[in-house]
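Numbering (mature numbering (1 follows the signal peptide of the UniProt record, and there is no 0)), first residue to last: -22 to -1, 1 to 829.
A quick write-up on the structure given underneath.
Here it is as structure tokens:
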């Protein structure tokens, strides 16, 4: 009997204990305690397995069900709540590069706060953003997710954006630390960069996010830095983030970017994102058992994950969606519109052609004017022009196209439309072009063989011989098609193109990796040493009945993804006649072109050249109608050299979000006065870029050498004496501004504090905003320094005829440089020049001070 009673007692206690524990308030549940005290108590109550469980994440921060700690949902979001891991629609905001183009700190805070509402409305607590990598090269396909080429501008825009997110209860994650500045071979390439360049160019936005914005999490880059993967780089995580900058939040890998267990833990990684291969029980428990990893290290990792969550109160409120905020949010739609208005840059406006003055007819031409809409009113994200592609993609509630926005802005005008040339033109050729083998079979004879380190064909390795119907391949690492060939391989395709018209033939090749194209026994394209994205085309004279032999050879040298595509068409297949006819009959033409999400997306670099056909079409439109205005979409600079000197007006829309068309229409009509400025330099040709030759030469070494050092963007152009197409900070308005009465006062000599004051006047007839930029020049220094560096700015809104007195403060760090031998920031005493202007190339006021 006693035995039965004891057994019953044990069962009852087991059943009611969790209820009793949940009924009483444990220390980690008490809001009166500090976040640190609460975390320490919680970690002390967790089992080792529960702690290890928290170290892995996909789209959730894992919780602890036994102790009542819920999972926290996460989402990517450089352009709004991304569709990865989340079904449903959301507001599609302009790109973060567009936000940077506004140069408006107040707007950045407001957009951050609106982002927080978007996350709350869907029950998401963690935001994977913002991205603050530096716009080092125009070929990086994720530039649209970042905040420009200048570390000061990126810092100043990221800080209020993060504050807007976190002060409204959502955890932000700044990414990708650090020098993750290219997409080609991003999983394996090592960014070889000097300490000074890291300190002066690549670190500052991350440091500001930690020390000024209090960001809760850091995401490490895919790449290696100076030979060590970011996610197991002790110098980056333990020395810089933790010890030097005092970061106490979560350090996570990017998706699948963890490469080790012991090395990652010792280096300072807290969370493995995406994969579950390393920070798991199977890997960690034996290392803990044998003393290689201490349980205190696991405790620290869990503490780093939990601490920012407690600081933001994420466990003190329901984690389900906030029903007070609608998922379809008119406030968010309005914010997206206002952000688009402040992010569209007027680059050229000869003879005041803009704003358009009551045109009776407008011909809207171009592939980005009216992107395809697919079934169920869901917009085709792959080919969209409102945002770039990849993990940032948003499935919007609606999109106002450029065509729709122009029609709304000019209700009295007759608006006609023609695509002109499709951005999907080559994509269709790659999947549909007809080739035959020498035996007359459909396709090309393909031979896949392994390569040794020297780049020669490996002996003793079996080759793959097959017929490929088309050449339209993207091989990820370990793809079955090439898995048996090893990391380096060569593919040779041989086939025949049979012409059925009296017309020349155009052959197109797009690739990441080296290739050579031979036609009729002669080499017509030779890019065998290319290791970045290279798209080329060649025109071959032909006639009806002619058969051309083609041989395409491709080399992949240890890089991923591997991409190669080839297609062909007749030279006169693209017909511009209808578009040109519309242009001739219209008062003016608006060409909407550039890039889209099918051309600029995560995981692959993009070309500097425009998609095929756009250059020729723009030139033809200008001849047909000299009043041709060009509006470009895309995440940065692109080649405009063929027509830029002929076109009277040019706008860069970047990626303007769901309300981009509305904003464009309002700017064209003059109802909105453009105020955006370039957050990057636009080169006239790729060879002008400071990154050219220092970006796309990884080859067998799998290293990219940052030889330009601190001379990124405008710093590099000025050093090389090259005038860019459009300077950093350039952007026009429909009004004009005058700068006067510069005053420089050293307010604190010991601390190097300087007050810069001046007057700015709107001298035009229209209200507008000017972005005033303040640069510092050090005439004499112990080390080589850039001619000028941005150190402050202000966006000043002025009514027509209004004058405002502007004061800006320069602190001592505005005059410092990083000394590579002393490993410290140095402020040299002496003379400094203060330059105030409308862009890096348009200085209006100059003065000097002594410190």
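Note that beta-carbon positions come from the ideal geometry of N, C-alpha and C, so glycine has one too.
Since the model is a prediction, treat every value here as computed from it, not as a measurement.
Residue i burial status per 10 Å Cβ neighbour count (16 or more: buried)
i, result
"residue 551", "exposed"
"residue 647", "buried"
"residue 663", "exposed"
"residue 14", "exposed"
"residue 778", "exposed"
"residue 659", "buried"
"residue 817", "buried"
"residue 10", "exposed"
"residue 151", "buried"
"residue 519", "exposed"
"residue 69", "buried"
"residue 222", "exposed"
"residue 389", "exposed"
"residue 306", "exposed"
"residue 249", "buried"
Distance between residue j and residue i (C-alpha atoms, nearest Å)
i, j, result
"residue 224", "residue 48", "28 Å"
"residue 464", "residue 265", "32 Å"
"residue 498", "residue 680", "34 Å"
"residue 695", "residue 757", "18 Å"
"residue 776", "residue 176", "38 Å"
"residue -5", "residue 32", "Note on residue -5: pLDDT 46, under 50, position unreliable in the model; the coordinate value appears next. The straight-line gap from Cα to Cα measures roughly 21 Å."
"residue 516", "residue 488", "12 Å"
"residue 815", "residue 506", "45 Å"
"residue 271", "residue 22", "18 Å"
"residue 827", "residue 748", "25 Å"
"residue 532", "residue 293", "54 Å"
"residue 237", "residue 205", "13 Å"
"residue 322", "residue 51", "33 Å"
"residue 300", "residue 101", "7 Å"
"residue 87", "residue 163", "34 Å"
Reduced DSSP secondary structure (H/G/I, E/B, other) of residue i
i, result
"residue 261", "helix"
"residue 187", "helix"
"residue 286", "helix"
"residue 197", "strand"
"residue 32", "coil"
"residue 56", "strand"
"residue 530", "strand"
"residue 737", "strand"
"residue 760", "coil"
"residue 722", "strand"
"residue 81", "coil"
"residue -20", "Confidence in residue -20 is poor, its pLDDT being 37 and thus under 50, which makes the residue's placement unreliable; the coordinate value appears in the next sentence. Note: residue -20 maps to helix in three-state DSSP."
"residue 706", "coil"
"residue 712", "coil"
is_contact[residue i, chain B] using C-beta, thresh 8 Å
i, result
"residue 605", "Structure shown: chain B not included; a single protein chain is present."
Beta carbon of residue i nearer than 8 Å to that of residue j
i, j, result
"residue 377", "residue 61", "no"
"residue 160", "residue 115", "yes"
"residue 467", "residue 428", "yes"
"residue 230", "residue 198", "yes"
"residue 91", "residue 303", "no"
"residue 227", "residue 154", "no"
"residue 813", "residue 131", "no"
"residue 655", "residue 707", "yes"
"residue 627", "residue 603", "no"
"residue 703", "residue 661", "yes"
"residue 579", "residue 366", "yes"
"residue 803", "residue 809", "no"
Where the beta strand (DSSP E) containing residue i begins and where it ends
i, result
"residue 375", "First-last for residue 375: undefined, no H or E at that position."
"residue 339", "339 to 343"
"residue 513", "511 to 518"
"residue 170", "168 to 170"
"residue 443", "442 to 446"
"residue 826", "820 to 828"
"residue 494", "492 to 497"
"residue 462", "Taken as a continuous stretch (DSSP letters only), residue 462 belongs to no beta strand (DSSP E), as it is neither H nor E."
The alpha helix (DSSP H) enclosing residue i, as first and last residue numbers
i, result
"residue 795", "Unbroken run through residue 795 is the beta strand (DSSP E), 795 to 797; no alpha helix (DSSP H)."
"residue 139", "129 to 144"
"residue 844", "As displayed, the chain neither begins before -22 nor continues past 829, which places residue 844 out of reach and without an answer."
"residue 692", "692 to 698"
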